[in-house]
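Enquirer:
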Amino acid sequence: MQHSKVKAFPENFLWGASTSAYQVEGANLEDGKGPSCQDVKEVPEGTSDLSVCADHYHRYKEDIALMAEMGFKAYRFSISWSRILPKGTGEINPKGIEFYNNLIDECLKYGIEPIVTMFHFDMPAALDQRGSWSTRESVDWFVDFAKILFENFGDRVKYWLTINEQNMLTLVGSVIGTTTLPKGCENPLKEIYQQNHHMLVAQAKAMALCHEMLPKAKIGPAPNISVVYPESCKPEDTIAAQNANALRNWLYLDAYVYGIYNNIVWSWLEENDAVPDFAPGDEEILKNAHPDFIGFNYYNTASCKEGDDIEQGGAISQQENLGIKGFFKGVRNPYLKTTEFGWEIDPVGFRGTIREIYSRYHLPMLVTENGLGAYDKLTEDGKIHDPYRIEYLKQHIEQIQLAISDGCDMMGYCPWSAIDLISTHEGMVKRYGFIYVDRDEFDLKTMARYKKDSFYWYQRVIQTNGDDLSTQIE
Ligand code: BG6
Numbered sequence: 098m099q100h101s102k103v104k105a106f107p108e109n110f111l112w113g114a115s116t117s118a119y120q121v122e123g124a125n126l127e128d129g130k131g132p133s134c135q136d137v138k139e140v141p142e143g144t145s146d147l148s149v150c151a152d153h154y155h156r157y158k159e160d161i162a163l164m165a166e167m168g169f170k171a172y173r174f175s176i177s178w179s180r181i182l183p184k185g186t187g188e189i190n191p192k193g194i195e196f197y198n199n200l201i202d203e204c205l206k207y208g209i210e211p212i213v214t215m216f217h218f219d220m221p222a223a224l225d226q227r228g229s230w231s232t233r234e235s236v237d238w239f240v241d242f243a244k245i246l247f248e249n250f251g252d253r254v255k256y257w258l259t260i261n262e263q264n265m266l267t268l269v270g271s272v273i274g275t276t277t278l279p280k281g282c283e284n285p286l287k288e289i290y291q292q293n294h295h296m297l298v299a300q301a302k303a304m305a306l307c308h309e310m311l312p313k314a315k316i317g318p319a320p321n322i323s324v325v326y327p328e329s330c331k332p333e334d335t336i337a338a339q340n341a342n343a344l345r346n347w348l349y350l351d352a353y354v355y356g357i358y359n360n361i362v363w364s365w366l367e368e369n370d371a372v373p374d375f376a377p378g379d380e381e382i383l384k385n386a387h388p389d390f391i392g393f394n395y396y397n398t399a400s401c402k403e404g405d406d407i408e409q410g411g412a413i414s415q416q417e418n419l420g421i422k423g424f425f426k427g428v429r430n431p432y433l434k435t436t437e438f439g440w441e442i443d444p445v446g447f448r449g450t451i452r453e454i455y456s457r458y459h460l461p462m463l464v465t466e467n468g469l470g471a472y473d474k475l476t477e478d479g480k481i482h483d484p485y486r487i488e489y490l491k492q493h494i495e496q497i498q499l500a501i502s503d504g505c506d507m508m509g510y511c512p513w514s515a516i517d518l519i520s521t522h523e524g525m526v527k528r529y530g531f532i533y534v535d536r537d538e539f540d541l542k543t544m545a546r547y548k549k550d551s552f553y554w555y556q557r558v559i560q561t562n563g564d565d566l567s568t569q570i571e
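The opening residue of the sequence shown carries number 98 in my numbering; numbering runs sequentially from there.
The following block contains the structure:
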């Protein structure tokens with residue numbers, strides 16, 4: 098649908114960008130921080146470990162000043178659980194509290210709204226050893242951690258996100274380095290969906306607690322949502338796409354918003370002997386969560402068809418699922434271009450995804466990630482020319498505006514990432530930031546910050562509240 102007149106972005110639209118603790122901070126075992134699962138995992142060959150990252154822990158002042166120069170209204174970052182609680186439970190690390198107090202205050206100094214993710218792929222290693230999300234105790238661990246965050250930071254943080262990409266943790270945990278299954282686990286599928294159930298319950302309890310402790314704050318989930326297209330109009334392909342959508346998207350949002358399990362996924366779990374066990378009261382807990390908004394990450398859409406001839410090997414990244422026998426078969430979309438790292442690019446699918454979410458859930462939406470990973474080059478005169486990123490972001494912002502014109506309620510846009518950081522499994526060379534960090538995969542070089550062309554471009558976008566998306570850079 099075309100609009101004869103597009104609507105403007107709302108006045109208080111939260112323009113900003115995102116990072117996550119384990120990918121950006123570094124200082125991974127400093128000042129009392131305990132290791133997380135990310136610190137003890139075997140990193141993929143040829144990629145950096147997570148000990149230094151962008152060294153945001155030591156350079157946050159410089160980084161926030163640059164975000165302020167870009168005009169950020171919001172900065173979405175995550176809090177490292179094991180920096181606050183080195184063992185995951187028990188004693189609090191005062192230095193951890195101090196760091197996030199400083200980070201939050203630094204944002205507020207410039208009028209930047211902190212948007213805090215409570216959990217972004219970094220389970221404390223000590224809790225992994227105690228069973229991670231497999232044990233029911235994980236619900237209490239997470240809620241206790243949430244309480245500490247609300248007590249210490251709730252006076253200043255108005256926007257909270259519970260679990261980043263719970264759907265990717267469940268679907269492709271091994272790609273991200275987070276899957277932990279108990280030794281000798283006989284039914285991995287059931288175990289994974291039991292872990293998922295614990296996360297659902299944990300985040301629902303955290304939301305209720307937030308509403309009780311911080312009545313003025315807003316809290317929401319942050320799954321990775323993108324619609325899945327059928328390859329053709331063959332009716333069986335549509336059924337396959339509905340299956341894939343249910344498994345990837347609606348299972349999570351139905352549970353977060355309505356407190357119910359999606360029926361298509363539930364039936365599939367039943368048939369595969371993988372239905373999670375409910376503890377008494379779980380149904381009520383799920384129904385009592387009431388998120389204030391939906392945060393979601395969007396990188397691209399997926400496509401599928403019916404088919405049983407699924408290649409072995411499972412998912413190869415967050416954005417590519419080969420399929421599930423008898424349920425759907427993932428296919429490439431011939432209409433879409435791809436990034437240098439093979440991810441399809443689909444701005445129109447962004448609008449479609451926003452419309453779909455809004456028509457199902459009718460809650461305000463915050464884009465918590467979106468962006469382009471590329472091999473950026475620092476020139477001899479200290480420039481980074483990244484027209485491909487500008488083009489990607491421009492096209493996606495245009496689609497948000499169209500979605501707003503379709504009547505969707507959009508709160509803000511926080512692309513990935515504010516600054517270069519380490520990718521989930523493709524190292525430092527896969528850069529997403531507006532701010533370039535002068536380091537290589539293994540050579541830490543100067544760690545100096547440089548403004549990419551996209552930095553200046555985004556600065557103008559924010560200044561004009563999304564009116565001027567033109568791509569020329571002086
Ligand atoms: C999302 C994650 O899946 O995508 C981020 O929330 C991640 O942590 C981002 O970095 C980009 O993915 P990747 O694999 O390119 O780092």
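Glycine residues also receive a C-beta, built at the ideal position from the N, C-alpha and C atoms.
CA-CA distance, ILE596 and VAL354?
Expert: Residue 596 lies beyond the stretch modelled for the chain, which goes from 98 to 571, so this question has no answer here.
Enquirer: Among ALA352, TYR547, LYS548 and LYS527, which one has its Cα closest to the Cα of GLU538?
Expert: By 1-based counting over the sequence shown, the position of residue 538 is 441. When only C-alpha atoms are compared, the closest one is LYS527.
Enquirer: Relative to the alpha-carbon of GLU408, which residue among SER414, CYS401 and GLY420 has its alpha-carbon at the smallest distance?
Expert: On the sequence shown, position 311 is the one that residue 408 refers to. Considering only alpha carbons, the answer is GLY420.
Enquirer: What did DSSP end up calling CYS511 once you bin it into helix, strand or coil?
Expert: Residue numbering aside, residue 511 sits at position 414 when the sequence shown is read from its first letter. Residue state, collapsed to three classes: coil.
Enquirer: Rounded C-beta distance between GLU437 and ALA471? I'm assuming under 8 angstroms.
Expert: For the purposes of this step, residue 437 is taken as residue 340 along the sequence shown, with counting starting at 1. For the purposes of this step, residue 471 is taken as residue 374 along the sequence shown, with counting starting at 1. At roughly 5 angstroms, the Cβ-Cβ gap stays under 8 angstroms, so GLU437 and ALA471 are in contact.
Enquirer: For TYR529, which residues from the same chain have a beta carbon less than 6 angstroms from its beta carbon, with the 5 sequence-adjacent residues on both sides left out?
Expert: As a position in the sequence shown, residue 529 is number 432, starting the count at 1. GLY468, GLY470, TRP513 and SER514.
Enquirer: What do you reckon, is the C-beta of PHE218 under 7 angstroms from a heavy atom of the ligand BG6?
Expert: Within the sequence shown, residue 218 is the residue found at index 121, counting from 1. At least one heavy atom of the ligand BG6 is nearer than 7 angstroms to the Cβ of PHE218, so yes.
Enquirer: Please determine whether the Cβ atom of TRP513 lies at a distance below 7 angstroms from any heavy atom of the ligand BG6.
Expert: Your numbering for residue 513 matches position 416 in the sequence shown. Under cutoff, so the answer is yes.
Enquirer: Can you tell me where the beta strand (DSSP E) with LEU258 in it begins and where it stops?
Expert: One-based indexing of the sequence shown puts residue 258 at position 161. 256–261 is the span of the beta strand (DSSP E), which, as asked, contains LEU258.
Enquirer: Tell me which residues share the same chain as VAL236 and place their Cβ nearer than 7 angstroms to its Cβ, disregarding the 5 neighbours each side in the sequence.
Expert: Position 139 of the sequence shown, counted from the first residue, corresponds to residue 236. Once the five neighbours on either side are set aside, the close Cβ partners of VAL236 are HIS295, VAL298, ALA299 and LYS302.
Enquirer: What did DSSP end up calling PRO183 once you bin it into helix, strand or coil?
Expert: On the sequence shown, position 86 is the one that residue 183 refers to. Three-state result, PRO183: coil.
Enquirer: How many whole angstroms separate the CB atoms of MET215 and LEU246, which I take to be in contact at a CB cut-off of 8 angstroms?
Expert: The sequence position of residue 215 within the sequence shown is 118, counting from 1. The sequence position of residue 246 within the sequence shown is 149, counting from 1. Indeed they touch by this definition, with Cβ atoms about 6 angstroms apart.
Enquirer: Check MET310 in the structure and name its three-state DSSP category.
Expert: Sequence index remark: in the sequence shown, residue 310 carries index 213 (1-based). DSSP places MET310 in helix when its eight states are reduced to three.
Enquirer: If MET462 and PRO388 are in contact, beta carbons under 8 angstroms, what's the gap, nearest whole angstrom?
Expert: The residue given as residue 462 occupies position 365 in the sequence shown. The residue given as residue 388 occupies position 291 in the sequence shown. Contact doesn't hold; Cβ gap of about 11 angstroms is too wide.
Enquirer: Determine the burial state of HIS493: buried for a count of at least 16 other Cβ atoms within 10 Å of its Cβ, exposed for fewer.
Expert: The count along the sequence shown starts at 1 and reaches residue 493 at position 396. That one is buried.
Enquirer: Do PHE393 and LEU460 have their C-beta atoms closer together than 8 angstroms?
Expert: Locating residue 393 in the sequence shown gives position 296, where the first residue counts as 1. Locating residue 460 in the sequence shown gives position 363, where the first residue counts as 1. Not a contact, by the Cβ cut-off of 8 angstroms.
Enquirer: When we look at the beta-carbon of ASN199 and count the other beta-carbons within 10 Å, is it buried (16 or more) or exposed?
Expert: The residue given as residue 199 occupies position 102 in the sequence shown. It counts as exposed.
Enquirer: Near ALA371, what residues of its chain come up, given a Cβ to Cβ distance below 6 angstroms and the 5 sequence neighbours on each side ignored?
Expert: As a first step, residue 371 is located in the sequence shown; it is residue number 274 there, counting from the start. Counting only Cβ-Cβ distances below 6 angstroms, and skipping sequence neighbours, we find LEU286, LYS287 and TYR290.
Enquirer: Mind listing, in chain order, the continuous beta strand (DSSP E) runs of no fewer than 3 residues lying wholly within the region 115–187?
Expert: Qualifying beta strand (DSSP E) stretches, in chain order: 171–175.
Enquirer: Residues in the same chain with beta-carbon distance under 6 angstroms from GLN496, minus the five sequence neighbours each way, listed in chain order, please.
Expert: Position 399 of the sequence shown, counting from 1, holds the residue named residue 496. Excluding sequence neighbours, GLN496 sits near PRO444, PHE447 and ARG448.
Enquirer: Using the Cα positions of TYR119 and ARG452, report the straight-line distance between them to the nearest angstrom.
Expert: To locate residue 119, count along the sequence shown from 1; it is residue 22. To locate residue 452, count along the sequence shown from 1; it is residue 355. Answer to the nearest angstrom: the Cα atoms are 32 angstroms apart.
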